[in-house]
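The block underneath contains the structure these notes are about, expressed in structure tokens.
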Amino acid sequence: MQDAIQQIHSGVFGLLWPEMLRLPTWLVLTAGFVVGGALVLVWMALMALAWTYGERRIAGFIQVRYGPNRVGPLGLLQPVADGIKCFSKEDTVPTVAYKFMYTLAPLLVFLGAMLPFAALPFSQRLVLADMPLGLYYVLAFEAIEVIGILMAGWAPGSKWSLYGGMRLAAQLLSYEIPMGLCALVIILLSGSLNLGEIVTWQSQNAWGLEHPWVLGWAIFRSPVTFIAFVIFFVAGLAASKRAPFDLPEAESELVAGYHTEYSGLRFSFFFMAEYTAMYVVCALSAVLFLGGWYGPVPMPDVAPDSSLAARWVELVGLQGLQGDLSMMQKIVCAGRTLCEALFQGEGLRILASEAIGLFNLLLKAFGLYFVMIWVRWTLPRVRIDQVMYLCLKVLLPFSLVCLIWALIQVALF
Amino acid sequence: MGCAMSETVSPTPIRQDSLRTEEMLINMGPQHPSTHGVLRLVVRTDGEMVREAWPHLGYLHRCFEKVAESVTYAQVVPYTDRLDYLASMNNAQAFCLGVEKLGRIEVPERASALRVMVAELNRIASHLVAFGSFAMDLGAVTPFLYAFRERELIISILEKISGGRLLYHYPRIGGVARDLTPGLDQEIRDFLKQMRRVWPEYNALLSENQIFVKRTANVGTVTREQAIAWGLTGPCLRGSGVKFDLRKAQPYSGYEKYDFEIPVGEGAKGTVGDCWDRYWVRMVEMMESCRIIEQALDGLPEGPIQSKVAKVLRLPLGEVYVPCENPRGELGFFIVSDGKTQALRIKARGPSFNNLSITHTVCQDVLIADVVAILGSIDIVLGEVDR
Amino acid sequence: MKIDEIHARLLKQFGDCAIAPLAVPEAGDPYITISPEAFHAVCRWLRDESEMAFDYLRLISGVDWTDRFGSVYHLYSYTRGHSVTLHVDLPREAPRVASVADVWPTADWHEREAYDLVGIVYEGHPELARILLPDDWEGHPLRKDYRMPEEYHGVCNV
Chain A
429 MQDAIQQIHS GVFGLLWPEM LRLPTWLVLT AGFVVGGALV LVWMALMALA
479 WTYGERRIAG FIQVRYGPNR VGPLGLLQPV ADGIKCFSKE DTVPTVAYKF
529 MYTLAPLLVF LGAMLPFAAL PFSQRLVLAD MPLGLYYVLA FEAIEVIGIL
579 MAGWAPGSKW SLYGGMRLAA QLLSYEIPMG LCALVIILLS GSLNLGEIVT
629 WQSQNAWGLE HPWVLGWAIF RSPVTFIAFV IFFVAGLAAS KRAPFDLPEA
679 ESELVAGYHT EYSGLRFSFF FMAEYTAMYV VCALSAVLFL GGWYGPVPMP
729 DVAPDSSLAA RWVELVGLQG LQGDLSMMQK IVCAGRTLCE ALFQGEGLRI
779 LASEAIGLFN LLLKAFGLYF VMIWVRWTLP RVRIDQVMYL CLKVLLPFSL
829 VCLIWALIQV ALF
Chain B
133 MGCAMSETVS PTPIRQDSLR TEEMLINMGP QHPSTHGVLR LVVRTDGEMV
183 REAWPHLGYL HRCFEKVAES VTYAQVVPYT DRLDYLASMN NAQAFCLGVE
233 KLGRIEVPER ASALRVMVAE LNRIASHLVA FGSFAMDLGA VTPFLYAFRE
283 RELIISILEK ISGGRLLYHY PRIGGVARDL TPGLDQEIRD FLKQMRRVWP
333 EYNALLSENQ IFVKRTANVG TVTREQAIAW GLTGPCLRGS GVKFDLRKAQ
383 PYSGYEKYDF EIPVGEGAKG TVGDCWDRYW VRMVEMMESC RIIEQALDGL
433 PEGPIQSKVA KVLRLPLGEV YVPCENPRGE LGFFIVSDGK TQALRIKARG
483 PSFNNLSITH TVCQDVLIAD VVAILGSIDI VLGEVDR
Chain C
349 MKIDEIHARL LKQFGDCAIA PLAVPEAGDP YITISPEAFH AVCRWLRDES
399 EMAFDYLRLI SGVDWTDRFG SVYHLYSYTR GHSVTLHVDL PREAPRVASV
449 ADVWPTADWH EREAYDLVGI VYEGHPELAR ILLPDDWEGH PLRKDYRMPE
499 EYHGVCNV
């Protein structure tokens, strides 16, 4: 993304509006990232909102009842109604609360859910920051949620919230270990921490085939990776506080656990953060184990280093702009070349490839999302000591075994 | 104040242990999603471990016994419905049996059979609520909705029989209020078929689920001796291994004619008398009740449904206690008559009152999540705890 | 065992100053009246004696008989299958009787209820406190001479 911004800046805007070349690089990059980040944020919000509806509808079907079906056609405007309700609620702060922490907690939780999106790819080229340490970044920043939730448990000064916060700290921190270890398996086998390269590894050279299609997915490459996927997904369920590990918000025991005292907009932060964190786990599972944007729908062949930005720059250069053009002409020129770049020849292939890649990724991520919802409405809640037992005595040893096998595999083969 | 109390015994205040820094005194209720009504549990915890739990009652006390002394016997019957509001047919039947024994009133056979049928239907409905809310307390929300789907069938049958969905005023002194309407016979049989079809689904969903078993097996174990000493009855007693059911031991309303089994807790998943055993006893009892209903329907005798009873009943001097097997245990009415149209004293023995008293003994050194599981497995209804 | 046989055994064990003659009212169940002084010993014997084996205390009812108070106990034996009803008559001015909570733990709550609603004091009870009514309630409602208070904590009784 960084290259794309710089290319567009110097190649497109630079040619049309030469004074822009004098802008410092950091400003240009910041502007570009802000635009990109805003788009990602919008996507995140809409997706989380849509899935609140999806969860209630799916829960309804599982429970032999209609879900929300009154507000709008098929109840699709239900999230809008929920949003309006949350925003218009009275903002109550308990008198014994630590005001600063009380305000900061939902923001930190939301931040922890939001930051991993910077490194999460949506398709081969649709990634905000293609970092060489992308996977590390995602796992690390998801942990910011823990601080936020501990604050949320302590700040309101309520015993019930404290219980929720304490339980959750133990749960989240423990379950990040098997998650990290299973991610490590994939890192070893693929040889990279970059999420894009991990997917590329899954698209090549498996089972003696150069283009292995679905068989190239990590879970099919060896029994170890399949087990690692299961452990990763279960640990991800626990790390996103979903049932059966939803003790921190166990309604029937602690009223609402760590967010008992939060209402209105503050509560909606927690709520959105949960759905977003779920998506992060699902997307990460899809990228690491299920081939990301690769397959089942095949993508057209495109050279990996061709990019839409380069195409656009090329076309603008080919215009042969001379002399003074009016603002209107410049805008038209930029727009026309953009459309040409997108919808003709190589550009169209790139566009199609990205769209199909996005579809593939969302198919897998949303499929896992559906499984998460399905599991929530089927299973009872696991008790805190059983949660810790499961993590430390079951998942951890198994993930260590997987890791050792992966080490052996990498060393010998 | 118009009462003569020559001796004042200062009431013991709510226990306040001197708080050590690592212990908390937590209040669960009276409004709390899993205390099954307005029950207040004061819990002393050390981290996640509960050291002691004290139930505080009385939030639903509606002075039933005082009211019953100022109305006639027939007027008491609707009040009895409201004691265990999930099993009204059984309550009213128990009261009517007491009055009939004291007044030496004969109940026609058809009325007895109808009473048995609706009592067993209500037993299934009550156990479905117990099953559903127990599952919901433990985090599995879906079985609650499945249970209520079946319960809806029962409720609409009972509505066609008696006119009410939850509180029926159907068993009357000397018989029952109304006869079966045509077509109801078939509706009841359809329900039985449906119930038998979905019961294995419930088991597959919950009873054998590993998470559920881990939450309930070896949790809240009540030994046989404890159960008898603390006066537990019903599934709580049978879950602890005591094979005793009033329908077999002291039969009433013709229960001796019907063929059914008494499920007993055997520690199948853990120890005898744990939460799973009590839950399992209720599940099996639902199926046994289906058998009884079928037998009652098949052998429904012809005849009147109500014997002739004086409009304003006057009972002879004496007292009687007739216990009946409620879904939650032994419900009985101790009726004392001094020869007038109103009773001198009516005391209702609610099974949940005794069943709840085991909470303090059992909830020691358990986790908070276990307290919820224990309360759910005891299955209380505050209406008959507080009366 | 029928109640007259139980009564005969009790008479033999405790004598007739402790055990009144068997009361057979016009209708309903017969009962045995026991003197308050001997009551605790009688209960313990009824539980421990192998031929009696009354291990289950069904309920304790506090009754206001207008001229006196009474505490009524219904017992049942799981092993023997027989039941018995015991009465203890207490004077109105000082209704006190020994608590049987150490014999049958279930008596704990039943006696608290009888104390709460009728005002019978059970001596030796581990924690005799109100159970159904609020701790600061005044009076015992199930007494025949009870009058409802005009208001309670500002809530008026209209």
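Those protein sequence lines, which keep their order, are chains A, B and C.
Residue numbers for the first sequence follow the numbering used here, so the first one is 429 and each next one is one higher.
Residue numbers for the second sequence follow the numbering used here, so the first one is 133 and each next one is one higher.
Residue numbers for the third sequence follow the numbering used here, so the first one is 349 and each next one is one higher.
For every residue, glycine included, the Cβ atom is placed at its ideal position computed from N, Cα and C.
Check, Outcome
"Ends of the beta strand (DSSP E) at residue 389 (chain C)?", "That residue, residue 389 (chain C), is in no beta strand (DSSP E); its alpha helix (DSSP H) goes 387-396."
"Verify the CB distance criterion: does residue 344 (chain B) have a CB-CB separation below 8 Å to chain A?", "yes"
"Could you tell me if residue 772 (chain A) is buried or exposed, where buried requires 16 or more neighbouring beta carbons within 10 angstroms of its beta carbon?", "exposed"
"Quick one: residues in its chain with C-beta nearer than 6 Å to the C-beta of residue 679 (chain A), no 5 flanking neighbours on either side, listed in chain order?", "Low confidence applies here, because residue 679 (chain A) scores a pLDDT of 46, under 50, leaving its location unreliable; read the following figure in that light. There are no such residues."
"Give the interface partners of residue 362 (chain B) over in chain C, defined as CB-CB distance under 7 Å, in chain order.", "453 and 454"
"Using DSSP with H/G/I as helix, E/B as strand and the rest coil, what is residue 458 (chain B)?", "strand"
"Is it buried or exposed for residue 607 (chain A), if we count other Cβ within 10 angstroms and need 16 for buried?", "buried"
"State the DSSP-derived secondary structure class of residue 419 (chain C), mapped to helix, strand or coil.", "strand"
"CA-CA distance, residue 369 (chain C) and residue 497 (chain B)?", "49 Å"
"Taking Cβ positions only, does residue 453 (chain B) come closer than 8 Å to chain C?", "yes"
"Just checking my contact of residue 500 (chain B) with residue 182 (chain B) at CB under 8 Å: how many whole Å lie between their CB atoms?", "6 Å"
"Output needed in chain order: residues of the stretch 475-493 of chain B with a Cβ under 7 Å from some Cβ in chain C.", "477, 479, 481, 485, 486 and 489"
"DSSP state of residue 463 (chain B), grouped into three classes?", "strand"
"Between residue 129 (chain B) and residue 377 (chain B), which are expected to be in contact by the criterion C-beta below 8 Å, what is the C-beta distance as a whole number of angstroms?", "Only positions 133 to 519 of chain B appear in this structure, which leaves residue 129 (chain B) out of reach."
"Select from A:822, A:694 and A:577 the residue whose C-alpha is nearest the C-alpha of residue 513 (chain A).", "A:694"
"For the beta strand (DSSP E) that contains residue 411 (chain B), what are its first and last residues?", "Premise fails: residue 411 (chain B) lies in the alpha helix (DSSP H), 407-430, not in any beta strand (DSSP E)."
"Comparing the C-beta of residue 479 (chain C) with each C-beta of chain B, is any distance below 8 Å?", "yes"
"Can you tell me which of the three DSSP states residue 195 (chain B) falls into?", "coil"
"Could you tell me the alpha carbon to alpha carbon distance between residue 553 (chain A) and residue 753 (chain A), rounded to whole angstroms?", "33 Å"
"Please classify residue 442 (chain C): is it buried, with 16 or more other beta-carbons within 10 angstroms of its beta-carbon, or exposed?", "exposed"
"Which of the three DSSP states, helix, strand or coil, is assigned to residue 303 (chain B)?", "strand"
"On the CB-based measure, 16 or more other CB atoms within 10 Å of its CB, does residue 142 (chain B) come out buried or exposed?", "Residue placement at residue 142 (chain B) cannot be trusted, given a pLDDT of 43 that sits under 50; what the coordinates show is reported in the next sentence. Burial call: exposed."
"Within 8 Å of any Cβ in chain B, is that where the Cβ of residue 764 (chain A) sits?", "no"
"Go ahead and label residue 403 (chain A) buried or exposed: buried means 16 or more other beta carbons lie within 10 angstroms of its beta carbon, across all protein chains shown.", "Given that chain A is displayed from residue 429 to residue 841, the structure contains no residue 403 (chain A) and the question cannot be resolved."
"How is residue 186 (chain B) classed by DSSP in three states: helix, strand or coil?", "strand"
"Does the CB of residue 210 (chain B) have a neighbour CB from chain C at under 8 Å?", "no"
"Mark residue 528 (chain A) as exposed unless 16 or more other C-beta atoms lie within 10 angstroms of its C-beta, in which case mark it buried.", "exposed"
"Looking at residue 452 (chain B) and residue 233 (chain B), is the spacing between their C-beta atoms short of 8 Å?", "yes"
"Roughly how many angstroms lie between the CA atoms of residue 505 (chain A) and residue 482 (chain A), to the nearest whole one?", "11 Å"
"Which of the three DSSP states, helix, strand or coil, is assigned to residue 451 (chain A)?", "coil"
"Return the CA-CA distance between residue 440 (chain B) and residue 403 (chain C), expressed in angstroms with no decimal places.", "40 Å"
"Listing by chain order, which chain A residues have their CB less than 7 Å from the CB of residue 97 (chain B)?", "With chain B running from 133 to 519 in the structure shown, residue 97 (chain B) is simply not present."
"Would you kindly report the start and end of the unbroken beta strand (DSSP E) that includes residue 529 (chain A)?", "Taken as a continuous stretch (DSSP letters only), residue 529 (chain A) belongs to no beta strand (DSSP E), being part of the alpha helix (DSSP H) at 527-542."
"May I ask you to report which of helix, strand or coil DSSP gives residue 831 (chain A)?", "helix"
"For the beta strand (DSSP E) containing residue 433 (chain C), list its first residue and its last residue.", "431-438"
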